[in-house]
Amino acid sequence: MKVFQDKNELIRLVGRLKENNNSIGFVPTMGALHDGHLSLIKEGFHKNTHVVVSIFVNPTQFDNAEDLKKYPRTLERDVTLLKTVSKDKIIVYAPTVDDIYGDDVASEHFKFSGLEHEMEGRFRKGHFDGVGTIVKRLFEIIKPDFAYFGEKDFQQLQIVKKLVENYDIPVKVIGCKIHRENDGLAMSSRNERLKPEYRKAAPFIYKTLKAAKTKFGSKSATKVTKWVEDEFAKHNLLELEYFIIADEKTLKPIKRKSKTKSYRAFIAAYADDIRLIDNIALK
Ligand code: PAF
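Take 543 as the starting number for the sequence shown in our numbering and just add one per residue.
Below, the structure written as structure tokens:
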């Protein structure tokens with residue numbers, strides 16, 4: 543398996559592959575890979591001959607220095623796991639901060655039609671400028687035909703689609719279903735940092751989302767929101783940061799239910815000092 547740290551070598555290889563009519567899928571990651579990432583890569587092989595996986599803990603999207611420091615970095619283990627999917631058709635790009643940013647480790651500023659101000663944008667200042675900066679750079683380096691993003695970060699997915707539209711980037715962005723553990727917890731690289739009692743408690747997030755979905759069939763968004771907040775208030779390990787029912791397109795909190803719109807419920811909660819997010823479509 544080829545593992546590149548230097549973008550110029552990667553650019554040369556991808557250029558050669560494309561000249562030979564290969565199609566390039568791309569799965570951007572921050573490493574600490576799990577089955578959720580592998581499912582995106584497998585999805586990538588449905589439409590592409592090769593899949594580039596970037597492994598890069600992007601400093602500009604963290605608003606919390608401690609979170610950035612503690613983010614798991616497990617390149618060797620990641621490469622071993624990737625080999626279980628394909629030994630020769632996966633190309634790994636694991637750059638240094640310098641290869642991406644040079645000596646200016648800073649974000650560009652983006653407008654994503656207001657999507658950036660909701661939820662994660664409100665609670666993690668500068669987060670989507672950091673995500674926009676790294677994803678745009680990776681698209682410029684890799685020039686993939688298709689790029690795969692998980693719906694766990696649904697707001698990120700919508701923002702990346704907007705980025706591609708705004709900058710006319712020739713890539714098709716594919717959103718992929720949330721991959722869950724057997725107990726319902728959405729797969730995340732952060733899960734491995736959960737202490738056992740918090741790991742045991744964490745499926746409460748998805749359980750509550752599913753119950754909220756059922757309640758939303760007959761109750762108003764305000765009532766459902768109050769119910770979720772009360773449930774979390776009674777929980778002695780998980781701390782709710784937000785629960786929001788929002789329009790899937792604008793991500794603005796729902797005002798009044800409309801039959802013509804699609805809604806989604808979003809949660810961010812702390813399990814000890816680990817921040818977990820999840821969401822569910824409310825059809
Ligand atoms: O979802 C992630 O892991 C990151 O936000 C991404 C897309 C790899 C950008 O750093």
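Backbone N, C-alpha and C define an ideal beta-carbon position, used for all residues, glycine too. Here the structure is a predicted model, which is why all the values come from computation and not from measurement.
In whole angstroms, what is the alpha-carbon distance linking V647 and S760? Answer to the nearest angstrom: the Cα atoms are 49 Å apart.
F587: first and last residue of the uninterrupted alpha helix (DSSP H) it sits in: Residues 577-589.
Check the C-beta distance from F885 over to A753 and give it rounded, since I have them as a contact under 8 Å. The structure shown has nothing for residue 885, since the chain only spans 543 to 825.
Coarse secondary structure for P570, derived from DSSP in three states: When secondary structure is reduced to three states using DSSP, P570 falls in the strand class.
Is the stretch 646-663 touching the stretch 612-624, taking contact as three or more C-beta pairs under 8 Å? The answer is no - the stretch 612-624 does not touch the stretch 646-663, with fewer than three Cβ pairs under 8 Å.
Name, in chain order, the residues that DSSP records as bridge partners for K598. A small correction: the amino acid at residue 598 is Phe; Lys does not occupy that position in the sequence shown. Residue pairing for F598: DSSP places it in no beta bridge.
On the DSSP letters alone, give me the boundaries of the beta strand (DSSP E) that V634 sits inside. For V634, the enclosing beta strand (DSSP E) starts and ends at 632-635.
Should D815 be listed as close to the ligand PAF, given that the test is whether its C-beta is under 7 Å from any heavy atom? No, the ligand PAF has no heavy atom inside 7 Å of this Cβ.
Which of helix, strand or coil DSSP assigns to R735: Helix, per DSSP.
Secondary structure of N821, DSSP reduced to three states: In the three-state reduction of the DSSP assignment, N821 falls in the strand class.
Identify whether K545 lies in helix, strand or coil by the three-state DSSP scheme. Checking the sequence shown, residue 545 turns out to be Val, not Lys. V545 falls in the strand class under three-state DSSP.
For S649, which option in I676, K631, G656 has the closest C-alpha, if you only look at C-alpha atoms? It is I676.
Inter-residue spacing [alpha-carbon to alpha-carbon] between R679 and N708: Cα to Cα, R679 sits roughly 14 Å from N708.
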